[in-house]
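Participant: Here you go, one structure.
Residue numbers (my numbering): 20 to 336.
In structure tokens, the structure reads:
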């Protein structure tokens with residue numbers, strides 16, 4: 020994301036590393052070609068835009084106006100800010116702006132009036148479920164139904180990426196509208212639906228496997244005896260918060276159906292583990308053991324798919 024001095028924002032996205040690198044070098048070279056004085060001004064302005072809130076900018080107006088200004092701007096700044104006859108007017112405007120800003124309605128008020136809707140993507144799982152009065156997000160259910168209707172036999176389902184622009188469009192629609200029809204022709208590419216579902220889980224502020232459970236699941240998957248390992252994983256799953264457990268259960272049941280069609284879609288439990296491992300569980304703080312963690316993440320998902328009936332069984336041991 021690039022923010023210019025004038026306040027314009029540009030978002031460049033790509034999954035291709037060398038393309039991103041080309042963009043970076045092109046932007047850097049363009050900045051380097053600017054006159055040195057302009058580059059310094061740009062950096063200073065960018066810092067102020069990023070660090071200052073509306074009220075802070077008003078409070079700092081007098082202080083900032085004392086800083087040296089380029090020669091060609093002095094007359095304009097003098098007319099706008101330094102005219103003695105306008106001092107009282109400027110103070111009055113500042114005061115009114117401060118009052119206006121301080122009286123802005125809260126986010127909660129805007130949400131209650133329907134002016135700002137609750138976001139689905141990027142919200143905590145329990146908040147989405149509370150808002151929908153459910154324990155599994157409706158969007159998750161809709162995606163699973165769509166995939167099971169027309170995607171079980173698709174080669175590389177969940178591994179193949181959909182068009183990122185269309186996925187982002189679907190994300191926007193989900194966040195803005197209450198009703199969603201995934202059978203609409205604009206979502207006909209099933210990889211867009213699977214991509215959006217993976218994005219939903221990836222953007223959860225806390226993953227489906229909560230941070231406080233991560234190390235416990237890793238320790239459980241390290242157990243050598245298979246029966247003990249399954250029992251340990253099952254015990255941890257049962258301790259999860261209700262929205263996490265119910266969402267996990269319906270997701271893994273769905274992924275098990277995908278794996279059952281491996282001969283057609285070429286997606287084994289191991290393949291699904293590689294796709295969903297880092298998406299569903301990750302440590303709160305990344306350490307130097309990232310590669311090791313990724314291996315365990317994949318193995319945990321793979322085991323839970325292979326032993327789904329034992330892990331999610333309602334029967335007591």
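Built from N, CA and C at the ideal position, the CB exists for glycine as well. These numbers come from a predicted model, not from an experiment.
Helix, strand or coil for residue 318, going by three-state DSSP, please let me know.
Facilitator: Looking at residue 318 - three-state DSSP - the assignment turns out to be helix.
Participant: List in chain order: all unbroken alpha helix (DSSP H) runs of 4+ residues lying wholly within the segment 164-189.
Facilitator: If we require 4 residues or more, the segment 164-189 turns out to have no alpha helix (DSSP H) run fully inside it.
Participant: Among 227, 195, 211, 168, which one has its Cα closest to the Cα of residue 144?
Facilitator: The shortest Cα separation from residue 144 among 227, 195, 211, 168 belongs to 227.
Participant: Suppose you measure from the CA of residue 31 to the CA of residue 189; what does that come to, to the nearest Å?
Facilitator: Taking the straight line joining both Cα atoms gives about 18 Å.
Participant: Under three-state DSSP, which class holds residue 158?
Facilitator: Helix, per DSSP.
Participant: Taking only three categories from DSSP, how would you classify residue 29?
Facilitator: Strand.
Participant: Would you mind giving the Cβ-Cβ distance between residue 252 and residue 322, rounded to the nearest angstrom? I have them listed as a contact below 8 Å.
Facilitator: About 6 Å; that satisfies the 8 Å criterion.
Participant: Please state the DSSP three-state secondary structure of residue 265.
Facilitator: In the structure shown, residue 265 sits in a helix (DSSP, three-state: H, G or I).
Participant: Which of helix, strand or coil does DSSP assign to residue 249?
Facilitator: In this structure, residue 249 counts as helix in the three-state DSSP scheme.
Participant: Rank 271, 194, 149 by C-alpha distance to the C-alpha of residue 330 and give the top, closest one.
Facilitator: For the residues 271, 194, 149, the minimum Cα distance to residue 330 belongs to 271.
Participant: Cβ of residue 162 within 8 Å of Cβ of residue 223?
Facilitator: In this structure, residue 223 does not lie closer than 8 Å to residue 162 by Cβ.
Participant: Might you give, ordered along the chain, the residues of its own chain that have their beta carbon closer than 7 Å to the beta carbon of residue 225, omitting 5 neighbours on each side?
Facilitator: Counting only Cβ-Cβ distances below 7 Å, and skipping sequence neighbours, we find 143.
Participant: Suppose you measure from the CA of residue 151 to the CA of residue 265; what does that come to, to the nearest Å?
Facilitator: If I take the Cα positions, the gap works out to 14 Å.
Participant: Keeping to the same chain, check which residues put their C-beta closer than 7 Å to that of residue 255; ignore five residues upstream and five downstream.
Facilitator: Same-chain partners within the cutoff: 232, 235, 236, 239.
Participant: Please determine, among 296, 187, 230, the residue with the shortest C-alpha to C-alpha distance to residue 211.
Facilitator: Answer by Cα proximity: 187.
Participant: Taking residue 241 as the reference, give the member of 297, 108, 111, 316 with the closest Cα.
Facilitator: Per the Cα distances, 316.
Participant: By Cβ distance below 8 Å, which residues in the same chain neighbour residue 17 in space, the five residues on each side in sequence not counted?
Facilitator: Nothing about residue 17 can be read from this structure; the chain reaches only from 20 to 336.
Participant: To the nearest angstrom, how far is it from the Cα of residue 262 to the Cα of residue 140?
Facilitator: If you take the alpha carbons of residue 262 and residue 140, they lie about 16 Å apart.
Participant: Quick one: give me the first and last residue of the alpha helix (DSSP H) that residue 146 is part of.
Facilitator: Looking at the DSSP string, the run of the alpha helix (DSSP H) that includes residue 146 is 144-151.
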